[in-house]
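Okay, structure first, notes after.
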Amino acid sequence: MKKLLIAAAAALAVSGCAEPFNARVSRFQQLPAPQGQSFYVQAADPAQMGGLEFSQYANLVAAELTRQGYRQAADPASAELVVKFRYGVDRGREKVVSSPGFGYGYGFPYGGFYWRRAFVYGFYDPFFYGPGFGGFGGFGGPDVRSYTVYTSELRLEIDRADSGQRLFEGTARAQSDTDDLTKLVPNLVEAMFTGFPGNSGQTVKITVAPQKKRA
1197 MKKLLIAAAA ALAVSGCAEP FNARVSRFQQ LPAPQGQSFY VQAADPAQMG
1247 GLEFSQYANL VAAELTRQGY RQAADPASAE LVVKFRYGVD RGREKVVSSP
1297 GFGYGYGFPY GGFYWRRAFV YGFYDPFFYG PGFGGFGGFG GPDVRSYTVY
1347 TSELRLEIDR ADSGQRLFEG TARAQSDTDD LTKLVPNLVE AMFTGFPGNS
1397 GQTVKITVAP QKKRA
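Position in the sequence shown (first residue = 1) + 1196 = the working numbering.
Pasting the structure below:
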């Protein structure tokens, strides 16, 4: 019974890669309607530029923009739009579940995001947790178990190449039971481009269906 309670609590709190992927997406934009404008994808973090991992994710971003009606340029000099993005996942937080009675509570510091090399502090986000987080609780159950939850993030920016004018800023964040970026980033990219470019200043919940296994 205790194992069932713990599993149920973990399933409610964590969006694993085998389950639908839930993200919070915030977007600010003044993009003109797509009319075949050319774009070039770059890394927001120079340390990521040129890496094979970054190239794989950049191809995903480019494919999404192409589907939106933009055209990928061969090089930055021939692009009308400069697209920059970065991705990362924090070092994980311990979540504690006490049973019986669903008396679980939380209250652990964030480990901070790591963008492969760069590092910024994480965040507390009631959007994911809802009210009631931030203090260990329980109904007297002596059995306490813990598991780790990771918060991942993708940031996307689009500027005019000629003037540097910012046309789009977007952030997609999600929680999962894995820190595997090869699973997280494709989902974050898909969430970012769901309903793209979105209503400026609006934050929405996006659910991405589980990915099918590739042959």
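From the three backbone atoms N, C-alpha and C, an ideal C-beta is built for every residue, glycine too.
On a predicted model such as this, the values are computed, not experimentally measured, just so you know.
Short of 8 Å from the beta carbon of A1240, and not among the five residues preceding or following it, lie these beta carbons of its own chain, in chain order: K1280, F1281, R1282, R1351 and E1353. Here R1289 is buried. Its C-beta has 16 or more other C-beta atoms within 10 Å. Residues D1355 of the same chain have their beta carbon placed closer than 6 Å to that of R1362, with the five preceding and five following residues left out of the count. Between the alpha carbons of R1341 and T1374 lies a gap of roughly 18 Å.
Annotation: Q1225 is outside any alpha helix (DSSP H); the continuous beta strand (DSSP E) that includes it extends over F1217 to Q1225.
If only uninterrupted alpha helix (DSSP H) runs of at least 4 residues are considered, those enclosed by the region 1362-1404 are 1377-1388. The Cβ atoms of T1403 and P1216 sit closer than 8 Å to each other. E1276 and D1376 have their C-alpha atoms roughly 33 Å apart. With a cutoff of 8 Å on beta-carbon distance, A1370 and N1255 are scored as not near each other.
Residue pairing by DSSP places E1353 opposite K1280 and E1365 in a beta bridge.
Under the three-state reduction of DSSP output, Y1253 falls in the helix class.
Spatial neighbours of Q1398 in its own chain (CB-CB distance under 8 Å, excluding positions within 5 residues in sequence) are listed in chain order as S1222 and R1223. Annotated as distal: D1286 and Y1236, with beta-carbon spacing of 8 Å or more.
Here DSSP, grouped into helix, strand and coil, assigns Q1264 to helix. Here the alpha carbon of S1274 sits roughly 9 Å from the alpha carbon of A1357. Using a 10 angstroms sphere on the CB of M1388, the tally of other CB atoms reaches 16 or more, which defines it as buried.
Burial state of S1294 is buried, judged by a 10 Å Cβ sphere holding 16 or more other Cβ atoms. Beta-bridge analysis with DSSP links Q1238 to K1280.
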